[in-house]
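Some notes on the structure that comes next.
Next comes the structure, spelled out in structure tokens:
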């Protein structure tokens, strides 16, 4: 059996290093417009599958293999040149072989292709015989145990569900929604209502009418429409889903050009409470645009890096006073920050940033971490058994619990309920994870380090 090292986090406030939170390094000849970050060669560090969209030529697909410490040595491969594609790449394990593959929309017809990874970052292109979308999320839409693809065509204002039969043969279901008369700016798929199937959150760029809408899955073709924002969140730039307050329910976070950063906190039963997380600090400009999540100071709380199109970035760090109160701290100054991705790029167990804005930037995290791995005492009451992939709770909780395992980005790995003694999790790579545990009289968050 493999013993997980468990760190119980004590929340407190810390002094912030305003000028030294991140040190940045630019790569002038590493042009990436859109990218996805995963460990593609299975060597324990994060790599980059990126796309350069020039103004007059077809795109170039790049693979940057991280030979840590990050960017002290990087292997840059051109996978395809003059490749006609659009939208954003999306990475997941499409063939269930334990490594990350990539899907992308190809050609004018938006034929969806998969780049199948052999486990050593050698990719083979494969058509999936589906088309019509250029931005993707992946989730189990029909609750049958395999991953389906949710796609959006932002130009034609269509939403498509590509249902997997379990062998990567897909059936296309076009989702009919009454609000689909406006341009889709942003979307996210997840199990929003906690019933086991995939729901969708759609963000529209409209000045009036519906701006944020939930589509709650009823039978993979029928979706109930719940309007989250109407006439009060104009000029929307992005939405995302995350459990901000660690209550095992997904909340909605949105940015726009006027209101700053706003959360709609999930109260259960598809009811949401609007809370402003941060006001836009400028008097004029484009407002908050891109944002990403991560625990940047290892206090077990989700923090947010948000981009001001004209003034660089800000770090929103949750305070100890309230799970939804944030200190606003100036972040890396790259302008504009078009795409931001968070992840431990240099293997030192804190969360760094990748930023693209025509050039390509790496921002190394220099923030003082609340929990130093060398100074903590470990608790061996949680044991992992490879037989059945079980987490066994020994003398920790002796009653029925609900649990959620998430990674450092706040993304849910698995969630469910347990009899208080064990639960199963999938095989996950080495890294940092959080187990949120709730029982009748106790809540807690456990930081879990696999090394």
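In this note's numbering, the protein residues as written are 737 to 1187. Where is the CB? At the ideal position from N, CA and C, for every residue including glycine. Source: prediction; values computed, not measured.
Residue 1106 and residue 947 have their C-alpha atoms roughly 38 Å apart.
When C-alpha distances from residue 951 are compared across 1098, 1149, 937, 836, the shortest belongs to 937. Bridge pairing for residue 850: 839, 862 [DSSP].
Taking a cut-off of 8 Å on C-beta distances, the segment 1002–1014 does not touch the segment 1071–1082, as fewer than three cross pairs fall below it. In this structure, residue 892 and residue 867 do not form a Cβ contact; the two beta carbons are roughly 12 Å apart against a cut-off of 8 Å. In the DSSP assignment, residue 946 falls within the unbroken beta strand (DSSP E) covering 946–953. The continuous beta strand (DSSP E) containing residue 897 extends over residues 894–900. Excluding its 5 nearest sequence neighbours in each direction, residue 924 has C-beta neighbours in its own chain below 8 Å: 873, 936, 937, 975, 976, 977, listed in chain order. Under the DSSP assignment, residue 910 falls in the beta strand (DSSP E) whose first and last residues are 906–911.
In the structure shown, residue 982 adopts coil according to DSSP, grouped into three states.
Residue 791 is bridged by DSSP to nothing; it lacks a bridge partner. Here DSSP, grouped into helix, strand and coil, assigns residue 844 to coil. Taking a contact to require three or more Cβ pairs closer than 8 Å, the segment 953–970 and the segment 1021–1031 do not qualify as touching. DSSP places residue 886 within a strand segment (E or B) once states are collapsed to three.
By the 16-neighbour rule on beta-carbons within 10 angstroms, residue 855 is exposed. Taken through DSSP and simplified to helix, strand or coil, residue 933 comes out as coil. In this structure, the beta-carbon distance from residue 1001 to residue 987 falls below 8 Å. When the five nearest sequence neighbours on each side are left out, the beta carbons in the same chain lying within less than 6 Å of the beta carbon of residue 1096 are those of 763, 766, 768, in order along the chain. With fewer than 16 neighbouring CB atoms inside 10 Å of its own CB, residue 863 falls in the exposed class.
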